[in-house]
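When we follow UniProt numbering, the leftmost residue of the sequence shown carries the number 1, and every step to the right adds one.
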Amino acid sequence: MRYSEQFMEHIEYAFAAFCKVVLGNAAISAYRDFGRKQKREVSLDYLMSETPFEPFTTDNYFEQYDKPTVFGAKEQKIIVASKRLADALLKLPEQRRAVLLMYFFLGYSERKIGNEYGRSRSTVNY
């Protein structure tokens, strides 16, 4: 079946009009989305001028570190470099401190720690 040249031209014009409508609607949606995004975001210039803190950090490779604290658990030495963490650990009772050191630093499971202290896995921390 052959279409006339006039009909084919009509189809091309209709398709071109359809494409223009679709592109126009896509542009409107994009502008709308951009506007919504602009309302939610804060510019870096504003952050730099209006906020009292700096929104970035710098590396300090040669700064002085706290004096490391050495703890003992299961006849092993554990060196804690953070003064805040060491102070917090020193405030704990000896058994609680040993449980935390064995779990977090030595990699013991709760079951293994429970076996060391003769307790069940669920009551090892009490």
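Ideal placement from N, C-alpha and C gives every residue a C-beta, glycine not left out.
Everything numeric in this text was worked out from a predicted model, so none of it was measured.
Put simply, of Arg97, Ile113, Leu92 the residue whose alpha carbon is nearest the alpha carbon of Gly72 is Arg97. Counting the other Cβ atoms within 10 Å of the Cβ of Val124 gives 16 or more, which makes it buried.
Residue pairing by DSSP puts Val70 in a beta bridge opposite Ile79.
Of the candidates Arg32, Phe18, Gly107, Gly107 places its Cα closest to the Cα of Gln76. Rounded to the nearest whole angstrom, the C-alpha separation of Val99 and Leu92 is 11 angstroms.
Taking 7 angstroms as the cut-off, the Cβ atoms of Leu44 and Ile78 do not count as close.
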